[in-house]
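Student: Have a look at this one before I ask anything.
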Amino acid sequence: MHILLVASAFNSLTQRVLAELQDRGHTAGIVLALGDDEALREAVREHAPALIVAPMLTTAIPEDVWRAHTCLIVHPGPPGDRGPSSLDRTLQGGVDSWGVTVLEAVAEMDAGDVWAWSPLKVPPQAGKSDLYRGEVADAAVDAVLLAVERFASGTYKPKRQKAADLAAGWRPFMKQAERRIDWATQTTESVLRQLRAADSQPGVLDELLGAPWYLHGGHAEDELRGAPGELIATRAGAVCRATVDGAVWLTQLRPWREPGSGLPSYKLPAVEALGARLPAGLPEVPSPLELPAGRRTWSDIRYREHGPVGVLNFSFAGGAMSTAQCRRLLAAYRFACTRPTSVLVLGGLRDFFSNGIHLNVIEAAADPAEESWANIHAMNDLVEAVLTTTDRLTVAALGGNAAAGGVMLALAADEVWCRDGVVLNPHYKLMGLHGSEYWTYSLPRRVGADEAARLTQSALPVSAKRAVALGLAQRVLQAAPEELGDEVGRLAAQLAASPDLAARLADKQAARVRDEAVKPLQAYRDEELAHMRRNFFDPAEPHAALRSAFVRKEKAQHTPAHLAALGLPR
């Protein structure tokens with residue numbers, strides 16, 4: 099069946115729905131709903147779809163379109179729930195179960211007949227964006243696939259929503275006044291609910307050190323204390339702020355700006371965003387790599403060991419890895435390699451694995467080209483360390499999506515395990531970059547030269563199942579986001595106990611020697627960086643403008659050509 103996806107952005111859920119539909123043999127086209135109804139109508143005429151599905155939509159589909167075609171809208175919320183801030187209000191309220199509904203487009207928002215819905219559990223510590231890419235996306239895909247199956251049957255009659263439920267379920271857009279934190283009275287748990295309900299957008303507007311900021315990220319701290327509302331410590335770019343009964347870590351800040359006063363602001367690591375405003379003498383409190391059981395504190399890198407298995411967890415906001423973060427992760431990796439383990443797992447957490455270099459930090463740098471250059475070298479150093487580890491097996495365990503250099507970091511490991519639902523974007527093209535991280539070595543050796551060229555030039559997402567079929571990954575893990583760590587640990591222990599472990603390590607060492615003799619890793623790096631230096635430093639290159647638009651979340655003016663052509667006859 100040919101399905102047209104209508105979305106306000108080609109976001110993670112839209113990408114996943116596209117990949118899942120393609121995996122099941124459907125053809126799919128995409129049109130971005132950017133306020134030009136005539137462009138949307140033209141796309142509908144051009145595609146002549148059997149069905150229209152809207153995975154993420156912030157504007158209404160024109161009435162003439164939904165009257166002529168069945169249009170299915172994905173609404174994050176169970177049947178009867180309505181309104182644009184449903185997820186925010188749900189997290190702020192602290193519920194433990196929820197759902198996603200697929201309903202038919204009608205004139206009244208979220209009031210159409212229900213084609214399918216899927217329940218989900220809300221983990222207590224998840225922020226909005228993490229939940230959206232995890233449990234919400236899982237439930238949304240389940241509901242979309244069921245709705246598509248029911249539509250294709252031609253016999254299913256969707257369920258009409260009751261007028262009383264529709265009236266009771268409406269919840270309006272959540273304004274900043276409802277998100278405000280009262281640091282003098284609110285407990286840590288209450289503050290965390292406010293922060294998690296606004297992460298990563300729109301953030302919680304607050305005053306900090308005499309200026310207005312949007313606060314992003316919220317993690318409990320169980321030892322540090324101070325006067326409520328005061329900053330009491332820093333750690334790896336984050337700041338710790340006291341509450342009435344504890345403290346929370348804020349990982350990112352975004353400056354508030356008067357509407358229309360200039361370029362939109364963007365998130366930065368909190369310490370970098372505050373800059374000279376940060377109080378002198380504020381202590382930097384490092385977090386040990388190995389935390390005692392029961393500690394509640396924030397750290398973006400952690401190491402733990404279970405017999406012959408070492409697990410190096412890392413979690414960077416938005417999956418972006420700055421120069422400093424890459425260097426800290428490399429130091430942790432080198433430490434892990436000193437431990438007496440035979441299997442080393444990288445990742446293994448829910449949400450993003452990695453999206454490569456940190457474009458926001460680069461954009462804010464005094465010299466973005468120089469910071470880009472430092473960042474790509476730091477990323478390359480990390481990937482090289484993984485590629486040249488020959489005394490143990492390495493596993494990249496992806497609980498969430500990966501893109502660009504983050505995919506190549508995963509491919510540096512011996513095995514790549516992806517949670518079912520992970521989406522990979524193994525390309526750099528849309529950011530005007532040639533790419534580095536040894537991709538010209540790692541990608542062709544896994545999928546072949548022709549497929550490597552197709553993946554990098556088509557700039558389209560790849561599902562976990564498709565990644566295994568192509569050779570990008572070795573396993574698809576059927577685990578909920580919260581259960582991923584246990585499943586990864588179980589499988590890694592099996593790998594460490596495998597009777598052919600010694601033979602695999604010997605083969606790995608021999609292959610590295612052979613590959614190095616054919617073409618040294620340094621040669622791949624030098625060739626890639628020659629292109630990247632031009633991308634970064636040549637003012638005629640498009641990367642700087644593309645980076646600025648991406649960082650500031652500038653709205654696209656039209657559906658990109660590589661998406662507009664998708665699903666159309668060649």
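Each step along the sequence shown adds one to the number in the numbering used here, with nothing skipped, and position 359 is 457.
Beta carbons are placed, not taken as given, at the ideal position from N, Cα and C, and that holds for glycine.
Please read these numbers as outputs of a predicted model, since none were measured by experiment.
1. Quick one: what does DSSP say Cys-424 is sitting in, helix, strand or coil?
2. Indicate whether Gly-335 and Ala-318 have their beta-carbon atoms separated by less than 8 Å.
3. What number of angstroms, rounded off, separates the C-alpha of Leu-306 from the C-alpha of Pro-658?
4. Comparing the CB of Ser-397 with every heavy atom of the ligand PLP, is any distance shorter than 7 Å?
5. Under the rule that 16 or more other beta-carbon atoms within 10 Å means buried, what is Thr-349, buried or exposed?
6. Go through its chain and collect everything with a Cβ distance to Leu-491's Cβ below 6 Å, but skip five positions before and after it.
7. Evaluate Val-616 with the Cβ neighbour count: other Cβ atoms within 10 Å of its Cβ, from every protein chain shown; 16 or more gives buried, anything less gives exposed.
8. Bridge partners of Lys-226, per DSSP?
9. Which residue comes first and which comes last in the alpha helix (DSSP H) that contains His-475?
10. For the alpha helix (DSSP H) that contains Ile-460, what are its first and last residues?
11. Let's test the definition: count the other Cβ atoms within 10 Å of the Cβ of Asp-208 and tell me whether it reaches 16, buried, or not, exposed.
12. Under the rule that 16 or more other beta-carbon atoms within 10 Å means buried, what is Phe-271, buried or exposed?
13. What runs of the alpha helix (DSSP H), each 4 residues or longer, lie entirely inside the stretch 172-245?
14. In the DSSP assignment, what are the bridge partners of Gln-350?
15. Whose C-alpha, out of Met-99, Ser-106, Leu-111, Val-104, is nearest the C-alpha of Gln-120?
16. Going by DSSP, which residues form a beta bridge with Tyr-401?
17. Can you list, in chain order, the stretches of the alpha helix (DSSP H) that have 4 or more residues and sit fully within the stretch 280-324?
18. Measure from the alpha carbon of Leu-130 to the alpha carbon of each residue in Asp-489, Gln-655, Arg-668, Val-649, then state which is nearest.
19. Helix, strand or coil, according to DSSP, for Arg-258 in the structure here?
20. Where does the unbroken alpha helix (DSSP H) through Glu-513 begin, and where does it stop?
21. According to DSSP, is Met-272 helix, strand or coil?
22. Do Ala-444 and Ala-502 have their C-beta atoms within less than 8 Å of each other?
23. Starting from Ala-495, trace the beta strand (DSSP E) in both directions and tell me its first and last residue.
24. Could you tell me the distance, in whole angstroms, from the CA atom of Asp-554 to the CA atom of Leu-322?
25. Span of the beta strand (DSSP E) holding Arg-333?
26. Starting from Asn-633, trace the alpha helix (DSSP H) in both directions and tell me its first and last residue.
27. For Gly-498 versus Val-586, is the C-beta distance shorter than 8 Å?
28. Under a Cβ-count criterion, where at least 16 other Cβ atoms within 10 Å of its own Cβ denotes burial, should Gln-299 be classed as buried or exposed?
29. Determine the closest residue to Lys-527 out of Leu-313, His-145, His-629, with distance taken between C-alpha atoms.
30. Any contact between the stretch 238-251 and the stretch 107-122? By contact I mean 3 or more CB pairs, one from each, below 8 Å.
31. Using the C-alpha atoms, what's the distance from Gly-416 back to Asp-297?
32. Which two residues bound the contiguous beta strand (DSSP E) that contains Ala-105?
33. To which residues of the same chain is Ala-462 closer than 6 Å at the C-beta, ignoring the five residues directly before and after it?
34. Taking the alpha carbon of Gly-569 as the reference point, which residue from Ala-557, Glu-549, Glu-581 has its own alpha carbon closest?
35. Does the distance from the CB of Ser-110 to the CB of Ala-235 come in under 8 Å?
36. Classify Ser-646 as helix, strand or coil using the three-state DSSP reduction.
Tutor: A quick look at the data gives this:
1. For the purposes of this step, residue 424 is taken as residue 326 along the sequence shown, with counting starting at 1. Three-state DSSP puts Cys-424 in a helix.
2. Position 237 of the sequence shown, counted from the start, is the residue given in the question as residue 335. Position 220 of the sequence shown, counted from the start, is the residue given in the question as residue 318. It is not a contact, given that the beta carbons lie outside the stated cut-off.
3. Position 208 of the sequence shown holds residue 306. Position 560 of the sequence shown holds residue 658. Going from the Cα of Leu-306 to the Cα of Pro-658 covers about 39 Å.
4. By its list of ligands, the structure shown contains no ligand whatsoever, and the ligand PLP lies outside what it can speak to.
5. Stepping through the sequence shown from its first residue, residue 349 is reached at position 251. Buried, because 16 or more other Cβ atoms sit within 10 Å of the Cβ of Thr-349.
6. Translated into positions along the sequence shown, residue 491 becomes position 393. Cβ neighbours of Leu-491 beyond the five flanking positions: Val-441, Asp-512.
7. Taking the first residue of the sequence shown as position 1, residue 616 is located at position 518. With fewer than 16 other Cβ atoms within 10 Å, it is exposed.
8. Walking along the sequence shown from the start, residue 226 turns up at place 128. BP columns for Lys-226 are empty, so no partner.
9. What you label residue 475 is simply residue 377 of the sequence shown in a count that begins at 1. His-475 -> alpha helix (DSSP H) spans 466-485.
10. Within the sequence shown, the letter at position 362 stands for residue 460. Residues 457-462.
11. On the sequence shown, position 110 is the one that residue 208 refers to. That one is buried.
12. By 1-based counting over the sequence shown, the position of residue 271 is 173. Under this definition Phe-271 is an exposed residue.
13. 184-191, 226-229
14. Here the question's residue 350 lines up with position 252 in the sequence shown. DSSP, once it has assigned bridges, lists His-314, Pro-367 as partnering Gln-350.
15. Within the sequence shown, numbered from 1, the residue matching residue 120 stands at position 22. That would be Met-99, whose Cα lies nearest to the Cα of Gln-120.
16. Translated into positions along the sequence shown, residue 401 becomes position 303. In the DSSP output, where bridge partners are listed per residue, Tyr-401 has Leu-410.
17. 286-294
18. Within the sequence shown, residue 130 is the residue found at index 32, counting from 1. Cα-wise, what sits closest to Leu-130 is Gln-655.
19. Position 160 of the sequence shown, counting from 1, holds the residue named residue 258. Note: Arg-258 maps to coil in three-state DSSP.
20. By 1-based counting over the sequence shown, the position of residue 513 is 415. No alpha helix (DSSP H) holds Glu-513; the beta strand (DSSP E) holding it covers 513-517.
21. Counted from its first residue, the sequence shown places residue 272 at position 174. Coil at Met-272, not helix or strand.
22. Taking the sequence shown and counting its residues from 1, the one referred to as residue 444 is at position 346. Taking the sequence shown and counting its residues from 1, the one referred to as residue 502 is at position 404. Note on residue identity: the sequence assigns Leu, not Ala, to residue 444. Against a cut-off of 8 Å, the Cβ pair of Ala-502 and Leu-444 comes out as no contact.
23. Locating residue 495 in the sequence shown gives position 397, where the first residue counts as 1. Run containing Ala-495: 491-497, per the beta strand (DSSP E) assignment.
24. Taking the first residue of the sequence shown as position 1, residue 554 is located at position 456. Taking the first residue of the sequence shown as position 1, residue 322 is located at position 224. The identity of residue 554 in the sequence shown is Thr, whereas the question assumes Asp. One C-alpha to the other measures close to 46 Å.
25. Locating residue 333 in the sequence shown gives position 235, counting from the first residue. Taken as a continuous stretch (DSSP letters only), the beta strand (DSSP E) holding Arg-333 covers 329-333.
26. Sequence index remark: in the sequence shown, residue 633 carries index 535 (1-based). Unbroken alpha helix (DSSP H) run through Asn-633: 619-635.
27. Locating residue 498 in the sequence shown gives position 400, where the first residue counts as 1. Locating residue 586 in the sequence shown gives position 488, where the first residue counts as 1. Their beta carbons are not under 8 Å apart, which means Gly-498 does not touch Val-586 by this criterion.
28. For the purposes of this step, residue 299 is identified with residue 201 of the sequence shown, where counting begins at 1. Exposed is the call here.
29. The count along the sequence shown starts at 1 and reaches residue 527 at position 429. Answer by Cα proximity: His-629.
30. yes
31. Position 199 of the sequence shown, counting from 1, holds the residue named residue 297. Position 318 of the sequence shown, counting from 1, holds the residue named residue 416. About 11 Å.
32. Taking the first residue of the sequence shown as position 1, residue 105 is located at position 7. Taken as a continuous stretch (DSSP letters only), the beta strand (DSSP E) holding Ala-105 covers 100-105.
33. Residue 462 sits at position 364 when you count from the first residue of the sequence shown. Excluding positions up to five away in sequence, the list reads Leu-366.
34. Counted from its first residue, the sequence shown places residue 569 at position 471. When each option's Cα is compared against that of Gly-569, the closest is Glu-549.
35. As a working note, residue 110 is residue 12 in the sequence shown. As a working note, residue 235 is residue 137 in the sequence shown. Cβ distance < 8 Å, so Ser-110 and Ala-235 count as in contact.
36. The residue given as residue 646 occupies position 548 in the sequence shown. Looking at Ser-646 - three-state DSSP - the assignment turns out to be helix.
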